[in-house]
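Reminder that position 322 of the sequence shown reads as 322 in this note's numbering, one-by-one numbering, no gaps.
The beta carbon of each residue, even a glycine, is placed where N, CA and C say it ideally should be.
All values reported here derive from a predicted model rather than from experimental measurement.
Notes follow the structure.
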Amino acid sequence: MPPPAALTALDLGLGGADDEPLHVLDLLQLYSKPSASVLLSILSDLRSEPPSWQATPKSGTPRSSSGASTPARPRRKIKSEGVPAYLTKIISSPLAWIDSDEDREQIWDLAAKRLSERSGRTAMGDISRCFQIPLSAKASQDDSEEVADTADWIEITLHEPALAADSLGLKTWASSYLLAKRLCLLRDTLPPLNKYTLILELGAGTGLVGLATAAVLQQRVILTDLPAIVPNLQRNIHKNANILTTRQGSASAAVLDWSMPETFTHPGHAGEAHSFSLILAADPVYDAHQPDLLVNAIDYHLEHAENARVVIELPLREGFAAERQDLRNRMEVIGLEIREQGEEVGYDDWTDHEGEMAEVRCWWAVWGWKTSALPSSMPWASR
1 MPPPAALTAL
11 DLGLGGADDE
21 PLHVLDLLQL
31 YSKPSASVLL
41 SILSDLRSEP
51 PSWQATPKSG
61 TPRSSSGAST
71 PARPRRKIKS
81 EGVPAYLTKI
91 ISSPLAWIDS
101 DEDREQIWDL
111 AAKRLSERSG
121 RTAMGDISRC
131 FQIPLSAKAS
141 QDDSEEVADT
151 ADWIEITLHE
161 PALAADSLGL
171 KTWASSYLLA
181 KRLCLLRDTL
191 PPLNKYTLIL
201 ELGAGTGLVG
211 LATAAVLQQR
221 VILTDLPAIV
231 PNLQRNIHKN
241 ANILTTRQGS
251 ASAAVLDWSM
261 PETFTHPGHA
271 GEAHSFSLIL
281 AADPVYDAHQ
291 PDLLVNAIDY
301 HLEHAENARV
311 VIELPLREGF
321 AAERQDLRNR
331 MEVIGLEIRE
341 QGEEVGYDDW
351 TDHEGEMAEV
361 RCWWAVWGWK
371 TSALPSSMPW
381 ASR
């Protein structure tokens, strides 16, 4: 038996990929009894992936919204109006004209998945997404296709489990991506690094900042978070192992409770105080208790040295001004001061009132010890 012919745009009720977006009524309707292969292809075109946070793709070619490469068969854009009802009809239909039970189950499952994708990030389930990270200041500041074709970029792939209210650490947030992209611009601000340097990330979440740090700075990074978060951290470290090896960096995961920073242990590091010259944290303040806990962990783990640095980036969320000020006050109380700071804008998965991808303004700061916090009588002050 000859192999089945490839589906054409006409089979699917679609025009060319560059045509105007279709209305759902332009798709083949159930009354026409489309075959299983046609329905599965339509459902594939209806997938709604998490939006890319990189407005201008560095590859110079179109990319799907998750950051993955453009599929071989271009997807036709379909207006969202009426799509949920179309999917609901498929789910509720017995699909009696399709003989295969397996095909019917696959169609129902895929239609249900497409419907959940349109219910927001919390209903989307597990996803995999890619992030392009610049390795040089030139790449970070130049959006041209010429730069994109050089070795000045890496791509980090992260697994994000289904999002729930009690597992917000399993999502990648805008400030994490912004900080990961900023690393190559902060080289002159960061402490001197060598092959013995260990870098600590607090509240690593999905691991984007820590993985980017290991690759961009070519250093050893310990990514830490609460016990429920660490298994996914380990998964993402393994997922990006080849990139880290190529870049001569490494990453590992460990549990670190900010309320008890002295209990932190890690192979090759006994958890002794003041042993990290560089600490990173992205989006670490999301309730009133976080500033106290975060600064407690920083105070315990940051090396008491003139060149020691803490880099923090967090979103300027409405209603959290008091928490941000509390963080700054507590950092100053323990003897730290801002050496460099700024604001930048990124994107997140949520949409605004017009349905556009929401912009998120973030504040970043590099902190170092005040001179008064390093009196010459302290043995570590001369390090």
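Could you spell out the range, first to last residue, of the beta strand (DSSP E) harbouring S250?
250–255
Which first and last residues belong to the beta strand (DSSP E) in which S92 is found?
Looking at the DSSP string, S92 is not in any beta strand (DSSP E); the run it does join, the alpha helix (DSSP H), is 83–92.
With a Cβ-Cβ cutoff of 8 Å, do K79 and P161 count as a contact?
no
How close, in whole Å, do the beta carbons of P291 and L327 come, if the pair is a contact with beta carbons under 8 Å?
Right, their Cβ atoms sit about 4 Å apart.
Under a three-way DSSP split, which group does T213 fall into?
helix
Which residue wins for smallest C-alpha separation from K239, given the options P227, L211, L223?
L211
Helix, strand or coil at E323 according to DSSP, with G and I counted as helix
helix
Beta strand (DSSP E) containing S128: first to last residue?
127–134
Nearest to H304 by CA position, among P191, V345, Q218, Q248, is which residue?
Measuring from the Cα of H304, the nearest candidate turns out to be P191.
Does the beta-carbon of V345 have 16 or more other beta-carbons within 10 angstroms, so that it is buried, or is it exposed?
exposed
The region 330–348 touching the region 363–376, judged by at least three CB pairs closer than 8 Å
yes
List, from N- to C-terminal side, the beta strand (DSSP E) runs of 3 residues or more that fit wholly inside the region 227–277.
250–255
In whole angstroms, what separates the C-alpha of Q234 from that of P227?
Spanning the two alpha carbons is a distance of roughly 11 Å.
Between S87 and A111, which are expected to be in contact by the criterion C-beta below 8 Å, what is the C-beta distance as a whole number of angstroms?
Contrary to the premise, residue 87 reads as Leu rather than Ser in this sequence. With 8 Å as the limit, L87 and A111 qualify as a contact, their Cβ atoms being about 5 Å apart.
Does the region 272–281 come into contact with the region 235–254, if we say contact requires no fewer than three beta-carbon pairs (one atom in each stretch) closer than 8 Å?
no
Out of V285, Q341, D45, Q218, point me to the one whose CA is closest to A321's CA.
V285
For A365, collect the residues of the same chain with a Cβ closer than 6 Å to its Cβ; drop the 5 residues on either side in sequence, then sort them by chain order.
Non-local beta-carbon contacts of A365 in its own chain, meaning distances under 6 Å to residues more than five positions away in sequence, involve I312, I338, Q341 in chain order.
Would you say L30 and S93 are within 8 Å of each other, going by their C-beta atoms?
yes
Spatially closest choice to T245 from I156, I107, V360, by CA coordinates
Taking only the C-alpha atoms, the option nearest T245 is I156.
Going straight from the alpha carbon of G268 to that of I222, what length do you get?
11 Å
How big is the Cα-Cα spacing for K195 and L280?
18 Å
Range covered by the alpha helix (DSSP H) that runs through L43:
Taken as a continuous stretch (DSSP letters only), the alpha helix (DSSP H) holding L43 covers 36–45.
What is the DSSP secondary structure of A151, counted as helix, strand or coil?
coil
Could you confirm whether any beta carbon from chain E is found closer than 8 Å to the beta carbon of T371?
Of the protein chains in this structure there is only one, and it is not chain E.
Skipping 5 residues on each side, what residues in its chain have a beta carbon closer than 6 Å to that of K370?
G335, E337
V209 to I98, Cα distance in whole Å?
48 Å
Neighbour-count burial assignment, Q141, 16 or more Cβ in a 10 Å radius
exposed
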